[in-house]
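Trainee:
In the UniProt record's numbering, the protein residues as written are 1 to 202.
(1) Which residue comes first and which comes last in the beta strand (DSSP E) that contains residue 40?
(2) Hey, could you find the ends of the beta strand (DSSP E) residue 204 is sitting in?
(3) Entirely within the stretch 49-133 and at least 3 residues each: give me those beta strand (DSSP E) ranges in chain order.
(4) Check whether the Cβ atoms of residue 52 and residue 30 sit closer than 9 Å, and answer yes or no.
(5) Would you report the Cα separation of residue 156 and residue 110, rounded to the nearest angstrom?
(6) Quick one: residues in its chain with C-beta nearer than 7 Å to the C-beta of residue 35, no 5 flanking neighbours on either side, listed in chain order?
(7) Exposed or buried, residue 154, counting other C-beta atoms within 10 Å across all chains shown (16 or more means buried)?
(8) By the 10 Å Cβ neighbour count, where 16 or more other Cβ atoms means buried, how is residue 1 classified, buried or exposed?
(9) Starting from residue 190, trace the beta strand (DSSP E) both ways and give me its first and last residue.
(10) Do residue 193 and residue 126 have their beta-carbon atoms positioned less than 9 Å apart in this structure?
(11) What's the call for residue 168, buried or exposed, on a 16-neighbour Cβ count within 10 Å?
(12) What does residue 162 pair with, by DSSP beta-bridge criteria?
(13) Identify whether residue 168 lies in helix, strand or coil by the three-state DSSP scheme.
(14) Where does the unbroken beta strand (DSSP E) through residue 268 begin, and where does it stop?
(15) Quick one: Cα of residue 180 to Cα of residue 10, how far?
(16) Between residue 175 and residue 8, what straight-line distance do the alpha-carbon atoms span, to the nearest angstrom?
(17) With which residues is residue 36 paired in a DSSP beta bridge?
(18) For residue 183 and residue 101, I'd like the C-alpha separation in whole angstroms.
(19) From what residue to what residue does the beta strand (DSSP E) around residue 181 run?
(20) Would you call the CB atoms of residue 95 and residue 139 closer than 9 Å?
(21) What separation, rounded to the nearest whole angstrom, lies between the Cα atoms of residue 83 and residue 165?
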């Protein structure tokens, strides 16, 4: 728990709002309470969000939810653009360093871009399994755990889906196209990081 306290202090030192929750249900309740019915909500590709079923709760409450996972392929580009300018953007992070840096690798780039530009408020949910010691170990974690798991989920024909090792491939289906590090609070975004004492997502 001392490690979590230090991490939260480091995030706050970067002017990023941070809070710890014991359970997934607790963080879900907190997020639902923060979103009014008038808020539009964008969601970035995230197994954490999907498993929490936050999108279902929000749609049931009458919110306009923009998530490309919920529409047919030909509409995904349009939905990604709407999500990028929503009032609130929900996503997870691939890794969070002990110093409070959010490290992410993306294929299209909509998710990572919307974490620091576009929406008014961004809420990032991070399970304890994604906390790493530093940026190097964060990138290692993403390439050895997150990317292979996502590649298998999406049935992509990339080496890591079969070997669990990054081969720095040149496949057209490669997901490791864009790497971002959020070092401090973005100037125009109200960024919140909610850490959960459970393993969530990849």
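The beta carbon of each residue, even a glycine, is placed where N, CA and C say it ideally should be.
Mentor: The relevant details are as follows:
(1) Here residue 40 refers to the residue found at position 40 when the chain shown is read from its first residue. Counting along the chain, the unbroken beta strand (DSSP E) around residue 40 starts and ends at 40-43.
(2) This structure gives no information on residue 204, because the portion of the chain shown stretches from 1 to 202.
(3) With a minimum length of 3 residues, the continuous beta strand (DSSP E) runs that stay inside the stretch 49-133 are 64-66, 88-92, 95-97, 102-106 and 121-127.
(4) For this step, residue 52 is matched to residue 52 along the chain shown. For this step, residue 30 is matched to residue 30 along the chain shown. Contact flag unset, no.
(5) Translated into the one-based positions of the chain shown, residue 156 becomes position 156. Translated into the one-based positions of the chain shown, residue 110 becomes position 110. Taking the straight line from one Cα to the other gives about 19 Å.
(6) If you number the chain shown from 1, residue 35 lands on position 35. Only 41, 58, 63 and 88 meet the Cβ criterion.
(7) Within the chain shown, residue 154 is the residue found at index 154, counting from 1. Around the CB of residue 154, fewer than 16 other CB atoms lie within 10 Å, so the residue is classed as exposed.
(8) Here residue 1 refers to the residue found at position 1 when the chain shown is read from its first residue. Answer is exposed; the Cβ neighbour count stays below 16.
(9) As a position in the chain shown, residue 190 is number 190, starting the count at 1. Counting along the chain, residue 190 sits inside the beta strand (DSSP E) bounded by residues 190-196.
(10) By one-based count along the chain shown, residue 126 stands at place 126. By one-based count along the chain shown, residue 193 stands at place 193. Contact flag set, yes.
(11) If you number the chain shown from 1, residue 168 lands on position 168. Burial call: exposed.
(12) As a working mapping, residue 162 is identified with position 162 in the chain shown. In the DSSP output, where bridge partners are listed per residue, residue 162 has none listed.
(13) Translated into the one-based positions of the chain shown, residue 168 becomes position 168. Coil.
(14) Since the first residue of the chain shown is 1 and the last is 202, residue 268 is not available in this structure.
(15) Here residue 180 refers to the residue found at position 180 of the chain shown. Here residue 10 refers to the residue found at position 10 of the chain shown. Taking the CA atoms as reference points, residue 180 sits about 19 Å from residue 10.
(16) Residue mapping note: residue 175 aligns to position 175 of the chain shown, counting from 1. Residue mapping note: residue 8 aligns to position 8 of the chain shown, counting from 1. A straight-line Cα-Cα distance of about 30 Å links residue 175 and residue 8.
(17) For the purposes of this step, residue 36 is taken as the residue at position 36 of the chain shown. BP columns for residue 36 are empty, so no partner.
(18) For this step, residue 183 is matched to residue 183 along the chain shown. For this step, residue 101 is matched to residue 101 along the chain shown. The alpha-carbon atoms of residue 183 and residue 101 are separated by roughly 5 Å.
(19) As a first step, residue 181 is located in the chain shown; it is residue number 181 there, counting from the start. Residue 181 -> beta strand (DSSP E) spans 178-182.
(20) Your numbering for residue 95 matches position 95 in the chain shown. Your numbering for residue 139 matches position 139 in the chain shown. Yes, the pair counts as a contact, with Cβ atoms nearer than the cut-off.
(21) To locate residue 83, count along the chain shown from 1; it is residue 83. To locate residue 165, count along the chain shown from 1; it is residue 165. Each residue's alpha carbon lies about 32 Å from the other.
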